[in-house]
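Numbered continuously in the numbering used here, the sequence shown closes out at residue 417. We put the CB at the ideal spot given by N, CA and C, even for glycine. Quick caveat, the model's predicted, so the values are computed rather than measured. Heads up: the structure comes next, in structure tokens.
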Amino acid sequence: MKLLIKNIKTLVQVRDNVIEKVSGKAMSDLPCIEDAWLAIDNGLIADYGTMEDFPGITDWKDLEVIDATGKIVMPCYADSHTHIVYAGNREGEFVDRINGLTYEEIAKRGGGILNSAQKLREVSEDDLFEQSLIRFFEVIKQGTGAIEIKSGYGLNTEAELKMLRVIKRLKDLNIIPVKATFLGAHAIPAEYKGNKEGYIQLIINEMLPAIAKEKLADYIDVFCENGYFSAEETKLILETGLKHGLIPKVHAEQLSHSNGIQTAVACQAISVDHLEFCNDKDIEVLKNSKTMPTVLPGAAFFLSLPLPPARKMIDAGLAVAFASDYNPGSSPSGNMNFMMSLGCIQYKLNPAEVINACTINSAYAMGLSHEIGSITPGKRANIFITHPISSYNYIPYAFGSNLIETVLINGEKIKH
Ligand code: NIG
Ligand code: FE
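If you want it as structure tokens, here you go:
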């Protein structure tokens, strides 16, 4: 099946060759073609150019044509950090926080992650799949063309495996690329209260071998935080995961400074995420690493946390990625359009920088920069077409609007 999109107002994020990521000043560079055409063949990006140089088409058989006059075409977002597999929601805690409780206070009295764990343990795998599928399609319609999904609301072997099997079912739909992350070290479950060591042993001796046997995860993640897992415990869990073939990712410096960034870099994590309490020394450590600092603007916004120093990182020459952190407790939205708005409005990144952060750099953070994240020949045709708008700046500017008209996944229209 061949598809031609013609009269595109602006074709955004066009890279002739595969690149891994963009860093520092280069994040302000967003290559575009004005008045463009884009050809898709067999689900992949085939070719592109300007309408002026439009090649005459001889073979119109089986060719579908979309006229994109006045519209912007972009690669879909890569959302490299989500927790979309969960049961129920936590709207009650949302109201509790409005009425004055903090996120930490709610967690201390058995709410928070443990609340989600209780709910998750009670639902069947099929029910969990159905609930998660709704969110999976929700974010695709909002422009997400690849997603990483974590476990971490099971907190016992059976329930963690249930989550990872649901993630595998989403992966096996073969719609968008899905990466699975084992996050057993997300919190200490109620039955191990006062015995964190025992829970870590369960992760290491029971959960990890079972997950590796069923090949259920690509990555391993730890919530490195005061009251959760220390830097030393994080290192031990990540290193054990590595022995089972799982690449590290880390939740770091979200609620306090806990040396998560240093640990992530030492363990060669592919990404280190959150970073609200990242300091200058951490920025130096990140400079000499392959670890992608990933900001989750939805979580900092929803919990009213200090803002991660994304501007400072880019000015220091680092690459920065953005992801949604879609989860029931700290970011109940996977809308990457909104994450871009937050990036511009709160973090003072320019639209070109946030588009790079949400496409090619977040693709790197999930090991997919060769497959998605830019308009490059041979990459998957996971792209979206906007309504007629004046420029790509309008996407983060018009926060809260739904500007996406059509999403194409592997070159095929997703029904709205
Ligand atoms: O990424 N920080 C830890 N984990 C999640 C929140 C989990 C929850 O509250 O359910 C996060 O923000
Ligand atoms: Fe998270």
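### Query
Which first and last residues belong to the alpha helix (DSSP H) in which residue 158 is found?
Locating residue 158 in the sequence shown gives position 157, where the first residue counts as 1. For residue 158, the uninterrupted alpha helix (DSSP H) segment begins and ends at 158-173.
#### Entry: beta-carbon residue 332 near the ligand NIG non-hydrogen atom, thresh 7 Å
Within the sequence shown, numbered from 1, the residue matching residue 332 stands at position 331. It does: the Cβ of residue 332 is within 7 Å (strictly closer) of some heavy atom of the ligand NIG.
### Message
Give me the residue from 46, 118, 141 and 34 with the minimum Cα distance to residue 415.
### Response
Here residue 415 corresponds to residue number 414 of the sequence shown, with the count starting at 1. If we check each option's Cα against that of residue 415, 141 comes out closest.
#### Entry: Separation of residue 355 from residue 344, as counted between CA atoms
Along the sequence shown, read from residue 1 onward, the residue named residue 344 stands at position 343. Along the sequence shown, read from residue 1 onward, the residue named residue 355 stands at position 354. Between residue 344 and residue 355, the C-alpha separation is close to 6 Å.
### Message
Closest to residue 253 by C-alpha separation, out of 246, 65 and 263, would be which residue?
### Response
Position 252 of the sequence shown, counting from 1, holds the residue named residue 253. Minimum Cα-Cα distance from residue 253 among the listed residues 246, 65 and 263 corresponds to 263.
### Message
Suppose you measure from the CA of residue 155 to the CA of residue 35; what does that come to, to the nearest Å?
### Response
Walking along the sequence shown from the start, residue 155 turns up at place 154. Walking along the sequence shown from the start, residue 35 turns up at place 34. If you take the alpha carbons of residue 155 and residue 35, they lie about 48 Å apart.
#### Entry: Classification of residue 409 by the beta-carbon crowding that lies within 10 angstroms, buried from 16 upward
On the sequence shown, residue 409 is found 408 positions in, with the first residue counted as 1. It is buried - the Cβ of residue 409 has at least 16 other Cβ atoms within 10 Å.
### Task
Below 6 Å CB to CB, which residues in the same chain sit around residue 170 once its five sequence neighbours on both sides are set aside?
Taking the first residue of the sequence shown as position 1, residue 170 is located at position 169. The beta carbon of residue 170 is closer than 6 Å to those of 130 in its chain, skipping five residues each way along the sequence.
### Task
Assess, as a yes-or-no matter, whether the region 89-101 is touched by the region 133-152 under the definition of 3 or more beta carbon pairs within less than 8 Å.
The region 133-152 is not in contact with the region 89-101.
### Message
Following a CB-centred definition, is residue 335 positioned closer than 7 Å to any heavy atom of the ligand NAP?
### Response
Although the ligand NAP was asked about, the structure shown includes only the ligand NIG and the ligand FE as ligands.
#### Entry: Closest Cα partner of residue 116 within the set 188, 364 and 257
Translated into the one-based positions of the sequence shown, residue 116 becomes position 115. Among 188, 364 and 257, the Cα nearest to that of residue 116 is on 188.
### Task
Confirm, please, whether the CB-CB distance from residue 157 to residue 69 is below 8 Å.
Here residue 69 refers to the residue found at position 68 of the sequence shown. Here residue 157 refers to the residue found at position 156 of the sequence shown. With contacts defined by Cβ atoms closer than 8 Å, residue 69 and residue 157 do not form a contacting pair.
### Task
Check the DSSP bridge columns for residue 70 and list the partner residues they point to.
The sequence position of residue 70 within the sequence shown is 69, counting from 1. In the DSSP assignment, the residues bridged to residue 70 are 9.
### Message
List, from N- to C-terminal side, the alpha helix (DSSP H) runs of 4 residues or more that fit wholly inside the region 80-160.
### Response
Listed in chain order, the complete alpha helix (DSSP H) runs (minimum 4 residues) inside the region 80-160 are 92-99, 104-109, 114-123 and 126-142.
### Query
Under a Cβ-count criterion, where at least 16 other Cβ atoms within 10 Å of its own Cβ denotes burial, should residue 234 be classed as buried or exposed?
Position 233 of the sequence shown, counting from 1, holds the residue named residue 234. The residue is buried, with at least 16 neighbouring Cβ atoms inside 10 Å.
### Query
According to DSSP, is residue 394 helix, strand or coil?
Counting from one through the sequence shown, the residue named residue 394 turns up at place 393. Three-state result, residue 394: coil.
### Task
Rounded to whole angstroms, what's the CA-CA distance from residue 44 to residue 383? Just pull it up for me.
Within the sequence shown, residue 44 is the residue found at index 43, counting from 1. Within the sequence shown, residue 383 is the residue found at index 382, counting from 1. Using only the alpha carbons, I get a separation of about 8 Å.
### Task
Could you tell me whether the region 333-348 touches the region 65-85, using the rule of 3 or more Cβ pairs below 8 Å?
Taking a cut-off of 8 Å on C-beta distances, the region 333-348 touches the region 65-85, as three or more cross pairs fall below it.
### Message
Let me check one thing: in DSSP terms, what residues is residue 15 bridge-paired to?
### Response
Your numbering for residue 15 matches position 14 in the sequence shown. Secondary-structure assignment with DSSP links residue 15 through a beta bridge to 376.
### Query
Based on Cα-Cα distance, which residue from 180, 224 and 381 lies nearest to residue 255?
One-based indexing of the sequence shown puts residue 255 at position 254. Among 180, 224 and 381, the Cα nearest to that of residue 255 belongs to 224.
### Task
Have a look at 217, 205, 197 and 192 and flag the residue whose alpha-carbon is nearest the alpha-carbon of residue 164.
Within the sequence shown, residue 164 is the residue found at index 163, counting from 1. The option with the nearest alpha carbon to residue 164 is 217.
#### Entry: Contact the region 18-37 vs the region 304-318: 3+ CB pairs below 8 Å
With a cut-off of 8 Å on Cβ pairs, the region 18-37 is in contact with the region 304-318, counting three or more such pairs.
### Query
Anyone know if the C-beta pair for residue 390 and residue 73 falls short of 8 Å?
Walking along the sequence shown from the start, residue 390 turns up at place 389. Walking along the sequence shown from the start, residue 73 turns up at place 72. A contact, by the Cβ cut-off of 8 Å.
### Message
Using 8 Å for Cβ pairs, my map puts residue 419 next to residue 213. What's the rounded Cβ distance?
### Response
A query on residue 419 cannot be resolved here, the shown segment of the chain reaching from 2 to 417 and no further.
### Query
At what residues does the beta strand (DSSP E) containing residue 409 begin and finish?
Position 408 of the sequence shown, counted from the first residue, corresponds to residue 409. The continuous beta strand (DSSP E) containing residue 409 extends over residues 405-410.
### Message
Please give the ranges of any alpha helix (DSSP H) in the region 316-395, keeping only runs that are unbroken, at least 4 residues long and fully inside the region.
### Response
Runs found: 337-346, 352-359 and 361-365.
### Chain-order list of residues whose beta-carbon lies under 8 Å from that of residue 368 (same chain, five-residue window excluded)
Within the sequence shown, residue 368 is the residue found at index 367, counting from 1. Closer than 8 Å at the Cβ level, and outside the excluded window around residue 368, lie 180, 219, 248 and 271.
### residue 304 to residue 281 span [Cα, whole Å]
Within the sequence shown, the letter at position 303 stands for residue 304. Within the sequence shown, the letter at position 280 stands for residue 281. Cα to Cα, residue 304 sits roughly 23 Å from residue 281.
### Task
Would you kindly report the start and end of the unbroken beta strand (DSSP E) that includes residue 235?
Walking along the sequence shown from the start, residue 235 turns up at place 234. Residue range 232-244 is occupied by the alpha helix (DSSP H) that includes residue 235, with no beta strand (DSSP E) assigned at that position.
### Message
If the criterion is Cβ atoms closer than 8 Å, does the pair residue 324 and residue 274 meet it?
### Response
Counting from 1 along the sequence shown, the entry for residue 324 is found at position 323. Counting from 1 along the sequence shown, the entry for residue 274 is found at position 273. With contacts defined as CB atoms closer than 8 Å, residue 324 and residue 274 qualify as a contacting pair.
### Query
Between the Cα of residue 191 and the Cα atoms of 229, 178, 182 and 172, which residue gives the shortest distance?
Taking the first residue of the sequence shown as position 1, residue 191 is located at position 190. Among 229, 178, 182 and 172, the Cα nearest to that of residue 191 belongs to 229.
#### Entry: Local conformation of residue 208 per DSSP, three classes
Working through the sequence shown from its first residue, we reach residue 208 at position 207. Note: residue 208 maps to helix in three-state DSSP.
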